[in-house]
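Enquirer: One structure coming up, written as structure tokens, with questions to follow.
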Amino acid sequence: MMKAGFLRDLLFAAAVLIVLIVVPFIFTKPSLRDFLIYVMAYGLLAMSLNLLVGLTGLVSFGHAAFFVSGAYMFGLLMQSGRVSIPVAILVTVLGTAVLALVIGAICVRLKEIYFSFITLAFQMFIHSIILTWVSLTGGDQGLRGGIPRPPFFGIDLSSGVSLYIFSACVFVVCILIMRQVWQSPFGYTLRLIRDNPNRANYLGVDIVRMKLGVFILAGAMASVAGILLSLFVSGAYPEFGFWTTSGEAIFMIMLGGSQLFVGPIIGAILLRLIEHFVSIYTEYHGLVLGIVILAIVLGLRQGIADYIVEFLQRRKEARAAPAQDASAKDATFAKERIA
Amino acid sequence: MNLEALASCLSSSACAVTQISTALIIGMLLFMVASGLSLIFGVLGVINFAHGAFYMAGAYIAFFTYQATSSFLLAFLAGALGAGLIGVIFERFIISKVYGKDILMQLLVCYAIILIFDDLVKIIAGPEYKMMGMPDVFALPPLEFAGGFVPAYYVFMIVASLLIGAMLWLAIEKTRIGKIIRALAINPQMVGALGINTTLLYAAVFGVGSMLAGIAGSLAAPTRTLTPGMGLSILIESFIVTVIGGMGSIVGALIAALLIGFTRAFGAIGFPLFVDGIMFGMMAVVLIVKPSGLLGREIAR
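From first to last, the protein sequence lines are chains Z and B. For the first sequence, the numbering used here gives the first residue as 18, with consecutive numbering after it. For the second sequence, the numbering used here gives the first residue as 427, with consecutive numbering after it.
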């Protein structure tokens, strides 16, 4: 069962990867490639945050702390000129995981809004350190001088196309890893903690440890998103770690939907598209965006992807209802079994 | 880091007095904004992320009223009442729709309101900085304290904020309506069952909270430049104040606001780049040691 699911995910991931790689060869505009890399980096950030928000019910306001740490650690390692890209990625992800372990060990003990505030506090603290430690980070100017991309295993990332393909591969691998977590017993334990922490506790689940585990995983994934963005822009900036970046990621999750696995990616694409098209027609894109948000929240009361999934489900049920008695009984029976 | 400059400022009484007065006005503005935030959270259980937008609305309304009438009193009243009215409308038509929903929904509508307000201000007042200038009433020589000079308006601001804070505290702790509001925070069903219109009270509390933000905005207007994004920076700081002081506590908000005011004023001399770091560091320490804040009560619900 688990294996068949994994095989299906693997095939799906391969299909997505092929589409991602083929698309820029059909539509050769470089701006499309840039748009996709951007969406992949921010989409990965939003997806990793959704492991906390949607899966575990931990609303972190400080997730960009790990995004910025990924970008800066990777940038600094590459600028030191001593390591190759794969080694730098590995060290950055492990380093960020340790950072997430330290911050998470303090944060996950707090509940609800207090968790949100303390993650925000840690993120802004890191942001301030980056601004203050000018000799290492370049302060508010960001990490300048470009990030070198020495070839490794015969792969040269200096051209735009190869960088794009590399990013797409990393992106798909990360999504595949998160998908396995989303479907694993660990993932269902996290859902249990989200929905009924008392019951989880009675069943012998070590809640703090589980939350810490997913916090570290989400942090590590966010650092990969930071690496992708720093490779793309060839630099790292303090804004990556400002609270607005975390806010944007939360916004992508809410726009797309937090309960569907790919919801945050849909949100990331929608947000970029809205911004792109609205800024063509008017300079007041905040006004339009605000009205769109209000319409979604007050009208749908959930993310767009979540809404569509629920809508389809309801229609399916409505269609099944007038069918024969026996099949309806079967359906309810099957439903009961699933529940 | 420039701790020598900080030490030399502290040793000269003129510099110390100037910085203390700066610390006090930063603290008082934060106190006004944060006490509104704290009141709304304490009674409605809603975190009003749009509070900074009401601060900005108060400042701009005061600015335009002063331009039209050149009376500071009218400007002050218009800013306070205008922000309060906007708050009531916002509560009735928008935020009340997401009561009891998860916090992300509340966050999202507030974010939408911030975006809309910032752009509306850009459309109405223009994107450039605005200066209200010192009202004629306060065109007095600065007052002298221990060798340092403090503008008369600063003294007025500090006294006015303290008076308003004291009135708010008295209203909540000592009057009948205050007692009802405290009951509303703990058990709204029971208050409703006793024949009190809770919907009206919720709107009123939200209105008063927004009015406090408007008061802060109109008090700040003569001393600060007005820009479309001005609400956001004060919002973040007033969150730090609310968390440190304890959600729902007015006295806690005052203490925490003064703490942040002094950190800002003296940090600007000693460690200008790391002021934010210190403030968020203090917030993290309070959350670790006592998550409900210095004077916050555990939420009864």
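A virtual CB, placed ideally from N, CA and C, is assigned to each residue, including glycine. What you are looking at is a predicted structure, and each value in this text was computed from that prediction instead of being measured.
Can you check whether the C-beta of Phe-697 of chain B is within less than 9 angstroms of a C-beta belonging to chain Z?
Expert: One-based indexing of the second sequence puts residue 697 of chain B at position 271. Yes, because at least one Cβ of chain Z sits closer than 9 angstroms to the Cβ of Phe-697 of chain B.
Enquirer: Run the CB neighbour count on Ile-35 of chain Z, radius 10 Å, all protein chains shown included, and call it buried at 16 or more, exposed below.
Expert: Residue 35 of chain Z sits at position 18 when you count from the first residue of the first sequence. Its Cβ having fewer than 16 others within 10 Å, Ile-35 of chain Z is exposed.
Enquirer: For Gly-574 of chain B, which of helix, strand or coil comes out of DSSP?
Expert: The count along the second sequence starts at 1 and reaches residue 574 of chain B at position 148. When DSSP states are grouped into helix, strand and coil, Gly-574 of chain B belongs to the strand group.
Enquirer: In three-state DSSP terms, what is Ala-356 of chain Z?
Expert: Translated into positions along the first sequence, residue 356 of chain Z becomes position 339. With a pLDDT of 40 at Ala-356 of chain Z, under the threshold of 50, the modelled position of that residue is not reliable, and the figure given next carries that caveat. Coil.
Enquirer: Compare the Cα-Cα distances from Glu-256 of chain Z to each of Z:Ile-38, Z:Ala-88, Z:Thr-73 and Z:Ala-21 and report the closest residue.
Expert: Position 239 of the first sequence, counted from the start, is the residue given in the question as residue 256 of chain Z. Considering only alpha carbons, the answer is Z:Ala-88.
Enquirer: Would you call the CB atoms of Leu-68 of chain Z and Leu-234 of chain Z closer than 9 angstroms?
Expert: Position 51 of the first sequence, counted from the first residue, corresponds to residue 68 of chain Z. Position 217 of the first sequence, counted from the first residue, corresponds to residue 234 of chain Z. Cβ atoms of Leu-68 of chain Z and Leu-234 of chain Z: closer than 9 angstroms.
Enquirer: In chain Z, which residues lie with their C-beta within 9 angstroms of the C-beta of Val-524 of chain B?
Expert: Your numbering for residue 524 of chain B matches position 98 in the second sequence. Simply Val-314, Leu-315 and Arg-318.
Enquirer: Going along chain B in order, which residues have a C-beta closer than 7 angstroms to the C-beta of Val-76 of chain Z?
Expert: Working through the first sequence from its first residue, we reach residue 76 of chain Z at position 59. Going along chain B in sequence order, the residues near Val-76 of chain Z (Cβ under 7 angstroms) are Ile-529 and Leu-530.
Enquirer: Examine the Cβ distances between the region 37–52 of chain Z and the region 208–226 of chain Z and report whether three or more of them are shorter than 8 angstroms.
Expert: no
Enquirer: Using a Cβ-Cβ distance under 9 angstroms, would Pro-648 of chain B count as near chain Z?
Expert: Looking up residue 648 of chain B in the second sequence gives position 222. By this cut-off, Pro-648 of chain B is not an interface position.
Enquirer: Express the C-alpha separation of Ile-540 of chain B and Pro-307 of chain Z in angstroms, rounding to a whole number.
Expert: What you label residue 307 of chain Z is simply residue 290 of the first sequence in a count that begins at 1. What you label residue 540 of chain B is simply residue 114 of the second sequence in a count that begins at 1. Before going on, a small fix: residue 307 of chain Z reads as Gly here, not Pro. So the alpha carbons of these two residues sit roughly 8 angstroms apart.
Enquirer: Would you kindly report the start and end of the unbroken alpha helix (DSSP H) that includes Pro-281 of chain Z?
Expert: Here residue 281 of chain Z refers to the residue found at position 264 when the first sequence is read from its first residue. Pro-281 of chain Z -> alpha helix (DSSP H) spans 280–298.
Enquirer: Quick one: does Met-656 of chain B have its CB under 9 angstroms from some CB of chain Z?
Expert: Counting from one through the second sequence, the residue named residue 656 of chain B turns up at place 230. Look at Met-656 of chain B: its C-beta is not under 9 angstroms from any C-beta on chain Z.
Enquirer: Quick check: the region 653–668 of chain B against the region 109–124 of chain Z, are at least 3 beta-carbon pairs closer than 8 angstroms?
Expert: The region 109–124 of chain Z, when compared against the region 653–668 of chain B, does not touch it at the 8 angstroms Cβ threshold.
Enquirer: Would the region 318–328 of chain Z count as touching the region 266–274 of chain Z if we require 3 or more Cβ pairs under 8 angstroms?
Expert: In short, these stretches touch, since the Cβ pair count reaches three.
Enquirer: So Ala-647 of chain B is in the alpha helix (DSSP H); what residue range does that whole segment cover?
Expert: Counting from 1 along the second sequence, the entry for residue 647 of chain B is found at position 221. First-last for Ala-647 of chain B: undefined, no H or E at that position.
Enquirer: What does the Cβ neighbour count give for His-477 of chain B, buried or exposed, with the cut at 16 atoms within 10 Å?
Expert: Residue 477 of chain B sits at position 51 when you count from the first residue of the second sequence. Label assigned to His-477 of chain B: buried.
Enquirer: Hey, quick one: how far does the alpha helix (DSSP H) through Asn-218 of chain Z stretch, first residue to last?
Expert: Translated into positions along the first sequence, residue 218 of chain Z becomes position 201. That run of the alpha helix (DSSP H) goes 214–219.
Enquirer: Out of curiosity, what's the CA-to-CA distance linking Ala-538 of chain B and Asn-213 of chain Z?
Expert: Your numbering for residue 538 of chain B matches position 112 in the second sequence. Your numbering for residue 213 of chain Z matches position 196 in the first sequence. Approximately 31 angstroms between the Cα atoms of the pair.
Enquirer: Using a C-beta cutoff of 9 angstroms, does Glu-334 of chain Z count as contacting chain B?
Expert: Counted from its first residue, the first sequence places residue 334 of chain Z at position 317. For Glu-334 of chain Z, the answer is no, since every Cβ of chain B falls outside 9 angstroms of its Cβ.
Enquirer: For Gln-140 of chain Z, count neighbouring C-beta atoms within 10 Å of its own C-beta (all shown protein chains included) and say buried if the count is 16 or more, exposed if not.
Expert: Stepping through the first sequence from its first residue, residue 140 of chain Z is reached at position 123. Its Cβ being crowded by 16 or more others within 10 Å, Gln-140 of chain Z is buried.
Enquirer: Using the beta-carbon of each residue, which ones in chain Z are nearer than 7 angstroms to Leu-465 of chain B?
Expert: Looking up residue 465 of chain B in the second sequence gives position 39. Simply none; closest approach about 16 angstroms.
Enquirer: Check whether chain Z comes within 9 angstroms of Phe-516 of chain B, counting only Cβ atoms and requiring the distance to be less than that.
Expert: Locating residue 516 of chain B in the second sequence gives position 90, where the first residue counts as 1. Output row for Phe-516 of chain B: interface = no.
Enquirer: Mind listing the chain Z neighbours of Ala-431 of chain B? Cutoff is C-beta to C-beta under 9 angstroms, in chain order.
Expert: Taking the first residue of the second sequence as 1, we reach residue 431 of chain B at position 5. Those do not exist, as Ala-431 of chain B stays about 16 angstroms from chain Z at its closest Cβ, beyond 9 angstroms.
Enquirer: Quick one: which chain B residues come within Cβ less than 7 angstroms of Met-141 of chain Z?
Expert: Taking the first sequence and counting its residues from 1, one reaches residue 141 of chain Z at position 124. Within chain B, the residues near Met-141 of chain Z are Asp-702 and Phe-706.
Enquirer: Using a Cβ cut-off of 8 angstroms, which residues of the region 59–92 of chain Z contact any Cβ in chain B, in chain order?
Expert: Val-70 and Val-76
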